[in-house]
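**Q** Dropping a structure here in structure tokens format, bear with me for questions.
There are 6 protein chains.
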Amino acid sequence: MAQPTCHIKIINGNTCQPMTANINASAQAIKFLNTEIITVQPQTGPESIESFYDEYLAIPGILEQIILDTSSDAFILACWGDPGIEAAREITSKPVVGIAEASLYMANMLAAKWSVVTTLHRVRDMVEKTIQKTGLTARCASVRTTKLSVLDTEQDRTATLDILIKASQLAIQQDGAEAICLGCAGMSGLEKQLEARLGVPVIDAVAAAVKMAESLVHLGKSTSKHLTYRLPEQKEIKGYNPHFQAQSFYP
Amino acid sequence: MAQPTCHIKIINGNTCQPMTANINASAQAIKFLNTEIITVQPQTGPESIESFYDEYLAIPGILEQIILDTSSDAFILACWGDPGIEAAREITSKPVVGIAEASLYMANMLAAKWSVVTTLHRVRDMVEKTIQKTGLTARCASVRTTKLSVLDTEQDRTATLDILIKASQLAIQQDGAEAICLGCAGMSGLEKQLEARLGVPVIDAVAAAVKMAESLVHLGKSTSKHLTYRLPEQKEIKGYNPHFQAQSFYP
Amino acid sequence: MAQPTCHIKIINGNTCQPMTANINASAQAIKFLNTEIITVQPQTGPESIESFYDEYLAIPGILEQIILDTSSDAFILACWGDPGIEAAREITSKPVVGIAEASLYMANMLAAKWSVVTTLHRVRDMVEKTIQKTGLTARCASVRTTKLSVLDTEQDRTATLDILIKASQLAIQQDGAEAICLGCAGMSGLEKQLEARLGVPVIDAVAAAVKMAESLVHLGKSTSKHLTYRLPEQKEIKGYNPHFQAQSFYP
Amino acid sequence: MAQPTCHIKIINGNTCQPMTANINASAQAIKFLNTEIITVQPQTGPESIESFYDEYLAIPGILEQIILDTSSDAFILACWGDPGIEAAREITSKPVVGIAEASLYMANMLAAKWSVVTTLHRVRDMVEKTIQKTGLTARCASVRTTKLSVLDTEQDRTATLDILIKASQLAIQQDGAEAICLGCAGMSGLEKQLEARLGVPVIDAVAAAVKMAESLVHLGKSTSKHLTYRLPEQKEIKGYNPHFQAQSFYP
Amino acid sequence: MAQPTCHIKIINGNTCQPMTANINASAQAIKFLNTEIITVQPQTGPESIESFYDEYLAIPGILEQIILDTSSDAFILACWGDPGIEAAREITSKPVVGIAEASLYMANMLAAKWSVVTTLHRVRDMVEKTIQKTGLTARCASVRTTKLSVLDTEQDRTATLDILIKASQLAIQQDGAEAICLGCAGMSGLEKQLEARLGVPVIDAVAAAVKMAESLVHLGKSTSKHLTYRLPEQKEIKGYNPHFQAQSFYP
Amino acid sequence: MAQPTCHIKIINGNTCQPMTANINASAQAIKFLNTEIITVQPQTGPESIESFYDEYLAIPGILEQIILDTSSDAFILACWGDPGIEAAREITSKPVVGIAEASLYMANMLAAKWSVVTTLHRVRDMVEKTIQKTGLTARCASVRTTKLSVLDTEQDRTATLDILIKASQLAIQQDGAEAICLGCAGMSGLEKQLEARLGVPVIDAVAAAVKMAESLVHLGKSTSKHLTYRLPEQKEIKGYNPHFQAQSFYP
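Those protein sequence lines, which keep their order, are chains W, B, L, Y, X and R.
Quick note: to get our numbering, add 11 to the position in the first sequence (first position is 1).
Quick note: to get our numbering, add 11 to the position in the second sequence (first position is 1).
Quick note: to get our numbering, add 11 to the position in the third sequence (first position is 1).
Quick note: to get our numbering, add 11 to the position in the fourth sequence (first position is 1).
Quick note: to get our numbering, add 11 to the position in the fifth sequence (first position is 1).
Quick note: to get our numbering, add 11 to the position in the sixth sequence (first position is 1).
Written as structure tokens, this is what we have:
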């Protein structure tokens with residue numbers, strides 16, 4: 012039986028266009044033949060997400076990309092931290108996949124323990140909370156932060172690779188990691204080189220999420236509208252465009 | 012020694028003005044003599060917070076009330092769920108208190124087990140996640156949700172009281188609760204009547220938070236700027252007013 | 012770019028041939044075009060797995076299906092309980108997916124809380140341990156066992172459906188489930204009818220695992236051979252055929 | 012409205028008088044104007060608490076200070092470990108605050124992770140159990156013990172300061188602490204100097220507890236007498252003074 | 012090889028003599044031939060332990076029975092709650108066994124899940140904390156409290172049996188218990204009748220502890236004096252007899 | 012009263028005969044006078060268990076030793092990892108003790124924190140899962156793996172002792188261990204020498220299990236047949252001898 016085309020919209024959580032292009036390249040390279048992917052970035056929000064402040068200011072713009080969408084079969088939130096994902100699941104019944112959760116599930120099937128290697132030291136608490144939300148804290152060997160900003164990961168790939176290798180080797184040798192999860196969408200595309208150097212599986216979160224979204228679409232699944240993720244209650248929402256008003260979501 | 016005046020700004024998480032007035036009344040009634048309290052509501056965001064979607068759209072407006080402030084010694088986030096509190100702690104070094112955490116700490120000092128009695132059934136997962144974030148899940152006897160919307164709690168106090176009594180009695184008799192935490196700022200002011208009827212301590216989260224904020228100010232404490240809560244990195248934030256740009260926070 | 016054919020071997024954990032046929036039908040119906048699936052059953056082991064005893068006696072036969080394989084790109088363990096999966100990951104570097112873990116990851120992306128609805132009451136502890144192993148216990152609303160034996164689920168589909176509907180409705184109404192995971196490979200194929208009746212997502216574990224296995228293959232991933240899942244040490248293994256001797260796995 | 016005077020009795024858990032004086036000085040310096048504080052020490056019990064043995068022998072004398080009291084509105088147990096606090100909550104309906112719990116709640120509102128820096132190495136397990144009892148283990152970066160005895164902390168303030176600085180710096184640099192909780196009442200009064208040297212919030216547990224006790228009194232709260240903390244059953248208690256007999260607590 | 016006589020002292024936590032006799036009878040009936048058991052009660056403390064207050068007042072008298080002992084090879088704390096056990100382990104290097112922990116270890120080897128059936132409703136929190144301290148909370152199906160006081164269990168054996176049967180049946184039928192732990196030393200001696208009626212293993216905590224103490228003695232084990240359980244520091248302890256002074260423990 | 016003879020069968024999990032002899036020697040040395048012990052090894056399975064693969068292939072042979080037994084009062088699974096213990100508890104109502112669980116319970120009564128010192132680095136995950144299954148993870152200071160294979164522990168006792176001393180010292184000095192559990196049956200017999208060198212309790216798991224099995228027999232306890240551990244359902248089990256068919260277990 013021929014399978015119908017599956018349309019996936021990937022939403023870069025950051026407003027940085029080069030990162031959108033990088034994410035898109037990784038996604039296009041890994042998608043199934045009959046998957047159509049478009050990668051977008053929010054109209055509003057920070058260039059990069061490196062603090063809770065950045066994350067919260069990014070969320071309305073991320074949600075807007077879902078609200079205004081009319082044709083996608085599934086959405087991917089492409090920022091490790093899965094910003095606003097519970098709200099995304101409220102405003103659409105299409106599957107919504109976070110790249111953080113997708114990468115951790117993949118890692119869990121390949122290794123007994125894994126580490127997350129990521130950007131600035133200050134994000135440690137954000138990363139730990141994200142892992143906690145998936146429930147997989149006990150499988151996490153460590154979180155290794157670095158001096159890399161999110162934008163660094165895009166702009167100097169060689170230096171980035173070097174820093175990630177060093178941090179990953181520490182995770183493997185000192186913390187007991189048996190696989191590495193790259194904790195930033197900006198690191199997408201480096202996984203093969205890292206894997207060659209490290210000798211353990213390295214998970215690109217964007218690629219993992221593309222596979223998860225394709226899977227949910229082909230399984231014909233929708234987000235549960237039974238309780239937590241039902242449509243938001245209708246009410247006035249001040250200072251946001253009309254399409255943000257919950258009544259716009261109701262049939 | 013005469014204690015200096017302590018200025019506290021309470022930020023109603025909702026844009027519903029009558030709730031702001033109710034919160035303010037509770038706060039003024041419980042404050043110390045030399046505390047000055049102003050209660051505000053965000054310029055933007057939903058009338059009431061009853062979903063993750065509502066919560067995330069409320070956060071930028073909540074944070075703006077901190078950004079534009081020049082004179083407060085501490086801030087209170089007056090929505091049970093403590094929306095955006097990590098970001099609030101990044102953008103100011105003044106203490107920030109969430110009403111949820113404050114009420115749970117108070118309950119913990121008064122009872123071996125407590126329940127949270129709150130609004131719509133759909134918020135159960137939000138409430139459980141808030142309790143989880145404080146670390147006090149093991150002390151929670153149950154979360155009892157009701158058919159009350161947030162605005163109901165303001166508009167029909169008699170019916171609200173009735174529903175809260177019934178839900179609380181079930182928590183006490185069936186779940187082992189020995190105290191009740193009211194899980195919505197809109198329920199503020201009903202705690203005395205409930206306590207009289209139930210015979211166990213009933214915690215008004217707004218009042219609890221006022222005491223916590225006063226305490227932190229008098230202790231002379233500031234939020235740690237060492238790692239997680241340091242000022243957000245400077246970068247372009249699209250579609251937000253200039254005062255949202257992180258460079259505006261830097262000295 | 013044309014994607015290469017992906018060969019997946021599904022190993023029914025039970026030696027019951029009709030269940031193999033049922034699993035195969037579900038898998039063939041959901042696979043991608045360029046996936047080739049064969050479904051097998053062990054040469055040795057119990058007709059059905061309903062106790063720890065059954066499970067442990069099934070494992071050598073399950074592992075043999077991997078040992079003797081020369082052409083598959085990935086393996087699926089098709090018994091909810093993922094019997095012997097850590098050993099399976101030791102003896103091959105090809106991805107190995109358990110249907111239990113796969114179904115729970117899918118459920119986690121669709122619902123805030125889910126329940127597992129499954130066979131005989133005696134398996135409750137086995138099911139709870141399986142959920143614990145994935146780390147997702149906190150997301151599980153309940154385990155609902157029934158009077159259904161594994162073979163019942165194959166032999167009387169109407170009665171099975173009826174019992175599953177009743178158990179699922181209790182999970183939704185009393186336990187707070189927002190999605191249902193079917194906790195037995197024998198229930199594969201009933202998910203659409205159940206979903207229509209229940210109004211919440213119902214996860215067929217076999218279909219979920221097919222998608223996970225395809226995903227891992229297309230991502231080009233191998234099981235980590237760094238520590239826990241490296242090849243078994245070489246030694247004498249008494250009473251097993253020569254192909255079970257670890258030296259047969261070494262290049 | 013003028014607020015009525017609030018009377019707080021602080022009970023030094025140790026029978027060492029100079030520590031009582033030090034605790035009192037810290038408390039008097041931080042109290043609100045209309046708070047009256049008296050600080051006492053038990054008639055019986057060890058000079059200092061540095062083992063479970065010390066702690067258990069201290070408890071009857073601590074409880075006696077509550078039993079014989081007729082005028083206080085709240086009690087503070089001034090020994091990090093909150094010795095006998097559940098019993099204290101049984102024998103009075105006045106709020107009882109432990110300095111350990113109070114300091115941890117304050118730390119939780121100021122930092123994402125904190126460490127407890129304390130006395131002799133042997134108390135590590137006691138300290139970990141105290142943190143566990145509050146439920147905040149997941150927020151604790153580390154427990155750093157030292158070679159300081161409790162009496163050392165009183166007798167050589169310069170050496171104490173020095174040792175605490177070194178231990179705190181290790182907690183910050185190696186363990187990820189973003190605030191420091193001083194884990195002994197005898198360290199009260201050193202927090203400002205430590206804060207100046209360390210650059211992160213340092214919590215004096217005595218001061219934190221004074222604020223918590225004032226808060227509970229001004230909120231008009233009583234300990235729940237519903238189940239766990241109801242008055243002890245009446246019975247003969249051998250070898251204790253008549254005022255220890257439970258019937259003396261009954262109205 | 013002939014085994015040397017093993018001397019065990021059982022310390023009833025309560026000062027109620029008939030309970031001492033009952034405990035002793037159970038212990039004598041189950042001991043090995045070459046075990047000598049004496050059962051004592053404290054000189055000071057409450058008739059029965061039914062609150063945290065009772066427990067803390069009992070501890071000094073319990074510890075005194077260890078301090079004054081010169082000939083025992085091991086000690087058993089015969090009050091479900093294991094009162095003061097950490098202190099007991101500090102003041103002697105002989106093994107100290109709590110009846111609660113002993114009974115839970117035995118239950119864990121006989122059943123996948125067990126319940127504790129015990130006395131007054133108010134002790135629920137105490138019992139849950141005791142289970143938590145052993146680490147076995149996840150194996151506990153439920154705690155079932157009753158209207159039985161500790162002394163009731165001694166005085167009316169028929170009524171006690173009846174109430175325990177009813178509570179145990181609820182634990183088995185509604186909570187999933189597959190064995191029952193009797194949560195009070197006073198219930199010792201009823202386990203055979205209960206087992207006959209319930210059809211699941213019923214653990215008498217006193218008997219379990221006798222076996223554990225004998226085991227530790229025959230294994231030749233001493234309590235670790237390395238850190239937590241080393242001898243208490245020497246210091247003045249006011250209001251206690253000279254034998255309570257720590258220097259009396261030092262060689 | 013003269014106690015009846017207690018017959019215990021110890022099942023070495025490995026098929027290595029010298030290890031059986033070593034286990035037997037340890038057991039005979041520690042048993043009570045009226046205990047009769049026989050130590051056997053499976054007819055089938057690996058020489059030593061050092062991977063999940065080894066463990067799963069060992070289990071049928073281990074279970075067979077129980078199935079074919081007609082005279083033992085209790086069984087001991089003598090491989091740290093307690094392989095197949097849930098199944099063992101299903102096929103007999105006689106008590107079944109695992110050496111891992113037995114050693115951890117003993118350690119828990121002697122020390123606040125303990126470490127497991129064991130064989131090859133690759134078994135870390137297996138060991139952690141075994142500890143997790145007992146529920147005692149929070150009491151575990153660390154797992155220290157070494158370069159010792161299981162057979163090494165038998166063949167070169169001097170080198171083994173040396174390596175165990177070094178690993179244990181690291182556990183004590185760096186991880187906070189206050190006792191050591193030897194994590195392999197092959198290490199049985201070295202505990203006295205280790206204890207002398209380390210100065211903390213060292214638990215031989217075989218000896219611990221002998222005491223636990225004797226205890227359960229003398230207490231007259233049987234495994235609960237209520238739910239999880241009831242006899243396996245009757246069904247065809249292909250490729251196994253007739254005595255493996257469940258109907259052979261039924262009366």
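Think of the CB as a built atom: it goes at the ideal place given N, C-alpha and C, for glycine as much as any other residue.
Bear in mind that the values here come from a model prediction, so they are computed numbers and not experimental data.
Find the nearest neighbour of X/E61 within the set X/N25, X/A218, X/S83 and X/K232, judged by alpha-carbon distance.
**A** X/N25
**Q** Taking a cut of 8 Å between CB atoms, which residues from the stretch 113-131 of chain L lie near chain B?
**A** A123 and K124
**Q** When the Cα of X/V221 is compared with those of X/K177, X/T55, X/D65 and X/L88, which residue comes out closest?
**A** When X/K177, X/T55, X/D65 and X/L88 are compared, the shortest CA-CA separation from X/V221 is found for X/L88.
**Q** Across which residues does DSSP place B/S153 in a beta bridge pair?
**A** DSSP output for B/S153 lists B/S126 as bridge partner(s).
**Q** Distance cutoff 8 Å, beta carbons only. Does R/G187 sit that close to anything in chain Y?
**A** yes
**Q** Using a beta-carbon distance cut-off of less than 7 Å, what residues from the stretch 91-112 of chain X approach chain B?
**A** none
**Q** Measure the alpha-carbon distance for X/I77 versus X/G197 and round it to whole angstroms.
**A** 21 Å
**Q** Using the C-alpha atoms, what's the distance from Y/E139 back to Y/A182?
**A** 15 Å
**Q** Pop quiz: R/S179 and X/E189 are said to be a contact at Cβ under 8 Å. What is the actual Cβ separation, rounded to whole angstroms?
**A** A Cβ-Cβ distance of about 37 Å is found for the pair R/S179 and X/E189, leaving them out of contact under the 8 Å criterion.
**Q** Are Y/L175 and Y/I142 closer than 8 Å when you measure CB to CB?
**A** no
**Q** Near Y/I96, which residues of its chain fall below 7 Å by C-beta distance, leaving aside the five closest residues on each side in sequence?
**A** L88, V107 and G109, listed in sequence order.
**Q** Assign W/Q52 to one of two classes, buried (16 or more other C-beta atoms within 10 Å of its C-beta) or exposed (fewer than that).
**A** buried
**Q** Would you mind sorting B/A38 into buried or exposed? The rule is 16 or more other CB atoms within 10 Å of its CB.
**A** B/A38 comes out buried.
**Q** So R/R135 contacts chain W; which residues on that side make the cut at Cβ distance below 9 Å?
**A** A123, K124 and G187
**Q** Throw me the rounded Cβ distance for the L/L121 and W/K232 pair, which I believe falls under 8 Å.
**A** Indeed they touch by this definition, with Cβ atoms about 6 Å apart.
**Q** Measure the beta-carbon distance from Y/R150 to Y/W125 and round it to whole angstroms, keeping in mind my assumption that it falls under 8 Å.
**A** 7 Å
**Q** Kindly list, in the order they appear in chain B, the residues whose Cβ is closer than 9 Å to that of W/I70.
**A** Y67, L68, I70 and P71
**Q** Given that a residue counts as buried once 16 or more other Cβ atoms are within 10 Å of its Cβ, and exposed if not, what is Y/T171?
**A** buried
**Q** Only counting the same chain, and skipping five residues up and downstream in sequence, which positions put a Cβ closer than 6 Å to that of B/G72?
**A** P53, Q54, T55 and G56
**Q** Residue ranges of each beta strand (DSSP E) run of no fewer than 3 residues wholly in the stretch 22-72 of chain L, ordered along the chain?
**A** 46-51
**Q** Look up L/A89 in the DSSP assignment and say whether it is helix, strand or coil.
**A** strand
**Q** With DSSP collapsed to three states, give me the class of B/V211.
**A** coil
**Q** Got a sec? Which residues, its chain only, sit under 8 Å from B/P253 by beta carbon, not counting five neighbours each side?
**A** S259
**Q** If we ignore side chains and look at the alpha-carbon of each, how far apart do Y/P262 and L/I191 end up?
**A** 55 Å
**Q** With B/K137 and B/I214 assumed to form a contact (beta carbons below 8 Å), what rounded beta-carbon distance in angstroms separates them?
**A** The identity of residue 137 of chain B in the sequence shown is Met, whereas the question assumes Lys. By a beta-carbon distance limit of 8 Å, B/M137 does not contact B/I214. Their separation comes to about 18 Å.
**Q** Hey, quick one: how far does the alpha helix (DSSP H) through W/L147 stretch, first residue to last?
**A** It is not in any alpha helix (DSSP H) - W/L147 carries neither H nor E in the DSSP assignment.
**Q** Identify the contact partners of B/K246 in chain W, using a Cβ-Cβ distance below 7 Å as the criterion.
**A** P57, E58 and S59
**Q** Indicate whether R/L159 and R/L131 have their beta-carbon atoms separated by less than 8 Å.
**A** When the beta-carbon positions are compared, R/L159 and R/L131 come within less than 8 Å of each other.
**Q** Please return the same chain residues whose Cβ sits closer than 7 Å to the Cβ of L/M30, not counting the five positions on each side in sequence.
**A** N23, E165, A196 and G197
**Q** Select from the stretch 231-259 of chain R all residues with a C-beta closer than 8 Å to any C-beta belonging to chain L, and list them in chain order.
**A** L238, T239, R241, P243, E244, K246, E247, I248, K249, G250, Y251, F255 and A257
**Q** Would you decide whether L/G194 is buried or exposed? Buried here means 16 or more other CB atoms lie within 10 Å of its CB.
**A** buried
**Q** At the level of alpha carbons, what is the spacing between X/A152 and X/N119?
**A** 12 Å
**Q** Output yes if chain X places a C-beta closer than 8 Å to the C-beta of Y/L227; else output no.
**A** No, because no Cβ of chain X sits closer than 8 Å to the Cβ of Y/L227.
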